[in-house]
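In my numbering, the protein residues as written are 41 to 496. Down below is the structure, laid out as structure tokens.
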Amino acid sequence: MAEARAGRGSRPREVAAVAVATLWAGYLLVLPFQRVWVLPWLGFKLQPPEVVFLGLATASAAMWIRGRVRWRFAFADAAAAAWLVANLLALAWSSDPHGRDGLLETLGAAQLVCLYVAVRVTATPQLLDRFGEWFGYSAAAAAAIGIAGSVASYAGLPNRLATVALTPVPYLGHAARAQAFTAGPQMLALILLMAVPLFVAARMKQGWRRRDRALVLLLVLGLGATVSKTGMCLAAALSVMWASAEPTRQGQQSRRSRARVWVAVSIWLIVTFVFSLGSHVMVLREAAVQSMSTAQLIGGSPLASFRWRDEAWVVMPTTYLFNKQASLQAIGRSWPVGVGPAGQPAFTSGLQREGRFPRTIWLITPHSTYLGTVATLGAAGLAALLLILVVGIMTIKRLLADSTRPLWEAAAYAGVGAAFLIEAISTDLLNCRHYWFLLAVMAARLDSRALGVLGR
Numbered sequence: 041m042a043e044a045r046a047g048r049g050s051r052p053r054e055v056a057a058v059a060v061a062t063l064w065a066g067y068l069l070v071l072p073f074q075r076v077w078v079l080p081w082l083g084f085k086l087q088p089p090e091v092v093f094l095g096l097a098t099a100s101a102a103m104w105i106r107g108r109v110r111w112r113f114a115f116a117d118a119a120a121a122a123w124l125v126a127n128l129l130a131l132a133w134s135s136d137p138h139g140r141d142g143l144l145e146t147l148g149a150a151q152l153v154c155l156y157v158a159v160r161v162t163a164t165p166q167l168l169d170r171f172g173e174w175f176g177y178s179a180a181a182a183a184a185i186g187i188a189g190s191v192a193s194y195a196g197l198p199n200r201l202a203t204v205a206l207t208p209v210p211y212l213g214h215a216a217r218a219q220a221f222t223a224g225p226q227m228l229a230l231i232l233l234m235a236v237p238l239f240v241a242a243r244m245k246q247g248w249r250r251r252d253r254a255l256v257l258l259l260v261l262g263l264g265a266t267v268s269k270t271g272m273c274l275a276a277a278l279s280v281m282w283a284s285a286e287p288t289r290q291g292q293q294s295r296r297s298r299a300r301v302w303v304a305v306s307i308w309l310i311v312t313f314v315f316s317l318g319s320h321v322m323v324l325r326e327a328a329v330q331s332m333s334t335a336q337l338i339g340g341s342p343l344a345s346f347r348w349r350d351e352a353w354v355v356m357p358t359t360y361l362f363n364k365q366a367s368l369q370a371i372g373r374s375w376p377v378g379v380g381p382a383g384q385p386a387f388t389s390g391l392q393r394e395g396r397f398p399r400t401i402w403l404i405t406p407h408s409t410y411l412g413t414v415a416t417l418g419a420a421g422l423a424a425l426l427l428i429l430v431v432g433i434m435t436i437k438r439l440l441a442d443s444t445r446p447l448w449e450a451a452a453y454a455g456v457g458a459a460f461l462i463e464a465i466s467t468d469l470l471n472c473r474h475y476w477f478l479l480a481v482m483a484a485r486l487d488s489r490a491l492g493v494l495g496r
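Pasting the structure below:
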């Protein structure tokens, strides 16, 4: 009888475990499907990831109510809460608190923090072990779709999966840029950039199969098909991962490990320099200025000019540089409150009317995690951002130092974090779902008691 009762009691737990695992796998599978339909008022705000998230959030709430969660506080939890508070304060303090864009931006931030909480609540060791592999499969599917779209575009068949083949690309002329069903080529590149280290780490732990090497190749080819500057961050990510995976001996670094660290630091610094310089200025023939200006890649007047091989060349400021200047002006005028969530485009439009920003540029979002956060969310945003960065670094260091944790997995987190620091220079990364999912996974992995308790 006792065995029968134990069996009956274990079935609900098994069903719950299967349901949560399905929701994790389902969410990661649909994560790259961010532009599938357009809804009234919400536009692209509600997509397949949000639909699956509702199920994940419901499951986490049910677990919490039934007392089947053992959650030990982590500093990452405070960082997530600080991000939500910063957005709410900025919305309340902004000059247009009831603006539709600001409200939607704040709701989006709240949804990302809720995603973090749902992952933390439902995380189990088994799910954490499968995360890198599942995310790799999802990203590989997106890569294949994006590559197919690029091939179709080159064949003269316009489609939603890639930009047209005549899309202007700095230094490369024109190319079709893969985007699959993501928000754009850069978003697909960000997903693939994170997927490569995580999937490699998963296979280093479980063993390589022939199809795994093909999948990594697909991820890299998909990243190349985006024709995004994000691709160069892969070198920094893999070098840091490679250096971090070298075990220490009795707490001391060996000569080989020190050499690896120096190589990784050198590669990271080189990529950071090239990425930063290439994002903010462009060297091009004077004859190409008009076409690149029309494509919103550059604007304003040349910073310098010279002749080479009997041709006139110029150094032009890019859209990224102008938007960073707008962020600095927004910080100066609105500190410590900020211009409000999603408030920089309206602020930049005001600068255009004042003649302080080129009227030919209509891409007027911050394009920077660092400056954009401070410009829109003010001092509260700066504090939250610093907390997120510090907590992320501390979590990775603790995972690397813990000999009971999978070393390659922690090394992959270090590689992704190194790439994040570079990409954040010219991209707003804190609106990306996959980075919040990853932060929750790292926090749960660090918390040895955050087991989700489905199997207990």
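For each residue, glycine too, the CB sits at the ideal point set by N, CA and C.
Comparing alpha-carbon positions, the option among A183, R325, C154 lying closest to D117 turns out to be C154. Around the beta carbon of E463, 16 or more other beta carbons sit within 10 angstroms, so the residue counts as buried. When H320, F175, R110 are compared, the shortest CA-CA separation from T358 is found for H320. The three-state reading of DSSP puts S367 in helix, counting H, G and I together.
Contact between G318 and K364 does not hold, since their C-beta atoms are separated by about 14 Å, which reaches or exceeds 8 Å. About 27 Å separates the Cβ atoms of A126 and F175, ruling out a contact at the 8 Å cut-off. Bridge pairing for F84: absent [DSSP]. Going by DSSP, A328 is part of no alpha helix (DSSP H) at all; its letter is neither H nor E.
Leaving aside the five residues that flank A121 on each side, the residues in its chain whose CB is nearer than 8 Å to its CB run, in chain order, V153.
Between the C-alpha atoms of V305 and N471 there is a straight-line separation of about 28 Å. DSSP, read as helix, strand or coil, puts H474 in helix. DSSP links S345 through a beta bridge to V354. In the DSSP annotation of this structure, the continuous segment of the alpha helix (DSSP H) that includes V301 starts and ends at 295-320.
Bridge pairing for V323: V355 [DSSP]. At least 8 Å separates the beta-carbon of G271 from that of A220.
In this structure, T413 and L422 form a Cβ contact; the two beta carbons are roughly 7 Å apart against a cut-off of 8 Å. Annotated as distal: V311 and A344, with beta-carbon spacing of 8 Å or more. Nearest to L255 by alpha-carbon distance, out of L201, A277, K245, L232, is L232. Only exposed fits R373, as fewer than 16 other CB atoms lie within 10 angstroms of its CB.
One alpha carbon belongs to V456, the other to L324, and they sit about 32 Å apart. Of R250, P237, W282, the smallest CA-CA separation from L263 is found for P237. DSSP lists G83 as the beta-bridge partner residues of L79. Here S408 is buried: its Cβ has 16 or more other Cβ atoms, across all protein chains shown, within 10 Å. Judged by DSSP in its simplified three-state form, V191 adopts helix. Sequence-distant partners of G172 (beyond 5 residues in either direction) whose C-beta falls short of 8 Å from its own C-beta, in its chain, are L238, F239, A241, A242, E449, A452.
In the DSSP secondary-structure assignment, G213 is bridged to V209. Annotated as distal: W123 and A441, with beta-carbon spacing of 8 Å or more. Residues of the same chain with a CB within less than 7 Å of the CB of V379, apart from the 5 flanking positions on each side, are S134, A370, F387, A415, T416 in chain order.
Residue environment for Q246: exposed (fewer than 16 other C-beta atoms within 10 angstroms of its C-beta). Ranked by how close their Cα comes to the Cα of A484, the residues T162, A65, L94 have T162 in first place. Residue burial annotation: P198 is exposed, with fewer than 16 other C-beta atoms found within 10 angstroms of its C-beta.
Residue nearest to A283 within the set W308, V430, D468 is W308 (criterion: CA-CA distance). Partner residues in the beta bridge of I338, as assigned by DSSP, are T358. Residue state for A202 is assigned as strand, using DSSP reduced to three classes.
Three or more beta-carbon pairs separated by less than 8 Å link the region 92-102 to the region 60-67, which places the two stretches in contact. In this structure the region 95-104 does not lie against the region 71-86, because fewer than three pairs of beta carbons, one per stretch, are closer than 8 Å.
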